[in-house]
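The working numbering puts the first residue of the sequence shown at 66, with every later residue one more than the last.
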Amino acid sequence: MSSCKHQSAECSKTSSNMTLTADITQIKTIKRIQIIDFVRGMNVILMILFHYLVTLVSFGLIQIPENFLFWTVFPHSVSSLFIFLAGISAYVSYINRKETFRRKYFKRGLKLLFFAASITLLTFISVPRLTIYFGILHFFAFSSFLIPFIISRRKLALPFSLILILLGVFLQSQRFDFPYLFWLSYSFAPKNFTPLEYFPLIPYLGVLVLGIYFARFLINKAYDVEFDGKVFETFTFIGKKSLTFYLAHQPIIILILSALGFRLML
Numbered sequence: 066m067s068s069c070k071h072q073s074a075e076c077s078k079t080s081s082n083m084t085l086t087a088d089i090t091q092i093k094t095i096k097r098i099q100i101i102d103f104v105r106g107m108n109v110i111l112m113i114l115f116h117y118l119v120t121l122v123s124f125g126l127i128q129i130p131e132n133f134l135f136w137t138v139f140p141h142s143v144s145s146l147f148i149f150l151a152g153i154s155a156y157v158s159y160i161n162r163k164e165t166f167r168r169k170y171f172k173r174g175l176k177l178l179f180f181a182a183s184i185t186l187l188t189f190i191s192v193p194r195l196t197i198y199f200g201i202l203h204f205f206a207f208s209s210f211l212i213p214f215i216i217s218r219r220k221l222a223l224p225f226s227l228i229l230i231l232l233g234v235f236l237q238s239q240r241f242d243f244p245y246l247f248w249l250s251y252s253f254a255p256k257n258f259t260p261l262e263y264f265p266l267i268p269y270l271g272v273l274v275l276g277i278y279f280a281r282f283l284i285n286k287a288y289d290v291e292f293d294g295k296v297f298e299t300f301t302f303i304g305k306k307s308l309t310f311y312l313a314h315q316p317i318i319i320l321i322l323s324a325l326g327f328r329l330m331l
């Protein structure tokens, strides 16, 4: 006879702990994870701050000396973390809605394509030399169509992501005369290509897939992280509404500066 019959409460607790440490794919639904929204909210603020500074430089209102940390390391680090978190969120969404996940992300991709096209049009009209042809919204739009096929083959996620990231690092120092493939890699971008932001599929799709891979290991730990206070609530709210804040921030400053009579200096 099993001792669990005499110690049902203890066995129930043990079983519960085993469930928490088991493969997260066995869980039917996952609640929204606040720490992810909190970190995403901080990322959005940092991305907005960087874009505002770049815009002010472009209009000749401030000067920022050439600095590798500011112009390269900072924006790439912030945006990579943002994309990594998107991979985790995609995994959570997949666990919660396996049956409708593909349809949901297809609709999401179409919606993001519309917003991305709007950003391209706005920047083309207001700051033509800095036109965003394939920014982060374009990246998320295209990746939304790819994620359903990638996430159903999670065992290949880690090698696939590492290949894309390493390929991106290698191609960054290469140049090929295929300007119409600029959306795929830095190496295909035409000369003097200086958009306000630029997120080609290689290597950034690899960063997103890396988030999908690590999601199963991070989700349970993320639930244990708790914060209180207005600051946490503010950043969490921004993280939940990240698309709205991101869409609104750039048009606002460009329209204000243009209305005040400032013109692009670059």
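Don't be surprised by glycine CBs; every beta carbon is placed ideally from N, CA and C. All values reported here derive from a predicted model rather than from experimental measurement.
Between the CA atoms of residue j and residue i - distance to the nearest angstrom
| i | j | result |
| --- | --- | --- |
| Leu275 | Leu223 | 6 Å |
| Lys256 | Pro244 | 9 Å |
| Gly125 | His116 | 14 Å |
| Phe225 | Gly271 | 7 Å |
| Ser280 | Val122 | Inspection of the sequence shows that residue 280 is occupied by Ala rather than by Ser. Approximately 38 Å between the Cα atoms of the pair. |
| Leu221 | Arg162 | 21 Å |
| Pro265 | Asn132 | 23 Å |
| Gly24 | Ile321 | No statement about residue 24 is possible, as the shown extent of the chain runs from 66 to 331 and does not include it. |
| Thr137 | Leu227 | 21 Å |
| Ala313 | Leu186 | 14 Å |
| Phe326 | Leu134 | Inspection of the sequence shows that residue 326 is occupied by Gly rather than by Phe. Between Gly326 and Leu134, the C-alpha separation is close to 32 Å. |
| Glu291 | Ile215 | 31 Å |
| Gly294 | Leu211 | 38 Å |
Proximity winner among the options, relative to residue i (alpha-carbon distances)
| i | options | result |
| --- | --- | --- |
| Phe282 | Tyr156, Phe135, Thr137 | Tyr156 |
| Leu231 | Leu246, Phe241, Ser250, Arg218 | Ser250 |
| Leu177 | Ser323, Leu308, Leu325, Ala313 | Leu308 |
| Leu236 | Gly174, Ile303, Tyr269 | Tyr269 |
| Ile277 | Val109, Ser145, Gly106, Leu150 | Leu150 |
| Ala206 | Thr301, Lys172, Glu291, Leu229 | Lys172 |
| Pro316 | Thr196, Ala287, Ile160, Phe258 | Thr196 |
| Tyr159 | Met107, Thr120, Ser323, Arg219 | Arg219 |
| Arg261 | Ile215, Tyr198, Leu229 | In the sequence as presented, Arg is not what sits at residue 261; that position holds Leu. When each option's Cα is compared against that of Leu261, the closest is Tyr198. |
| Ser209 | Gly294, Leu175, Leu229, Val143 | Leu175 |
| Thr165 | Ser217, Ala313, Val192 | Ser217 |
| Phe179 | Phe204, Ile228, Ala324, Leu211 | Phe204 |
| Leu229 | Arg97, Pro193, Leu273 | Leu273 |
| Arg328 | Trp136, Arg97, Ile98, Arg194 | Arg194 |
| Ile98 | Phe292, Phe135, Ala287 | Ala287 |
| Met107 | Phe297, Leu325, Ala182 | Phe297 |
Rounded Cβ spacing between residue i and residue j (contact assumed at less than 8 Å)
| i | j | result |
| --- | --- | --- |
| Tyr170 | Pro213 | 5 Å |
| Phe241 | Phe247 | Actually they do not touch by this definition, with Cβ atoms about 10 Å apart. |
| Ile303 | Ile110 | 7 Å |
| Ser145 | Ile101 | At roughly 15 Å, the Cβ-Cβ gap does not stay under 8 Å, so Ser145 and Ile101 are not in contact. |
| Ile184 | Gly233 | Rounded, the Cβ-Cβ distance is 23 Å, inconsistent with contact. |
| Phe103 | Phe300 | 5 Å |
| Arg105 | Phe147 | 7 Å |
| Ser142 | Ser323 | The pair is not a contact, with the Cβ atoms about 30 Å apart (cut-off 8 Å). |
Residues of its chain near residue i, where Cβ-Cβ distance is below 8 Å and the 5 sequence neighbours each way are ignored
| i | result |
| --- | --- |
| Leu118 | Ile127, Ile129 |
| Arg167 | Pro213 |
| Tyr311 | Val109, Met112, Ile113, Ile201, Leu202 |
| Phe189 | Thr196 |
Min CB distance residue i to chain D below 8 Å
| i | result |
| --- | --- |
| Phe310 | The structure shown contains no chain D; it holds only a single protein chain. |
Own chain residues within Cβ distance below 6 Å of residue i, not counting five before or after
| i | result |
| --- | --- |
| Gln239 | Ser252 |
| Thr120 | Ile318 |
| Ala181 | Leu202, His203, Ala206 |
Close Cβ partners of residue i (< 7 Å) along its chain, the five nearest in sequence each way excluded
| i | result |
| --- | --- |
| Lys305 | Asp102 |
| Thr86 | Because Thr86 sits at a pLDDT of 37, beneath the cut-off of 50, its placement in the model cannot be relied upon, and the point is left open. |
| Lys93 | Low confidence applies to Lys93: its pLDDT is 48, below 50, so where it sits in the model is not reliable, and the reading given next is rough at best. Answer for Lys93: no residue qualifies. |
Heavy atom of the ligand NAD within 7 Å of residue i beta-carbon
| i | result |
| --- | --- |
| Pro316 | Annotation note on the ligand NAD: not contained in the displayed structure, which lists no ligands. |
| Unbroken alpha helix (DSSP H) runs of length 4 or more, entirely within the stretch 174-243: which are they? | Taking only runs of at least 4 residues, the alpha helix (DSSP H) segments lying wholly in the stretch 174-243 are 201-216, 222-236.
| field | Every unbroken alpha helix (DSSP H) inside the stretch 244-303 [4 residues or more] | value | Secondary structure in the stretch 244-303: the alpha helix (DSSP H) runs of 4 residues or longer, each lying completely within the stretch, are 266-288 in chain order.
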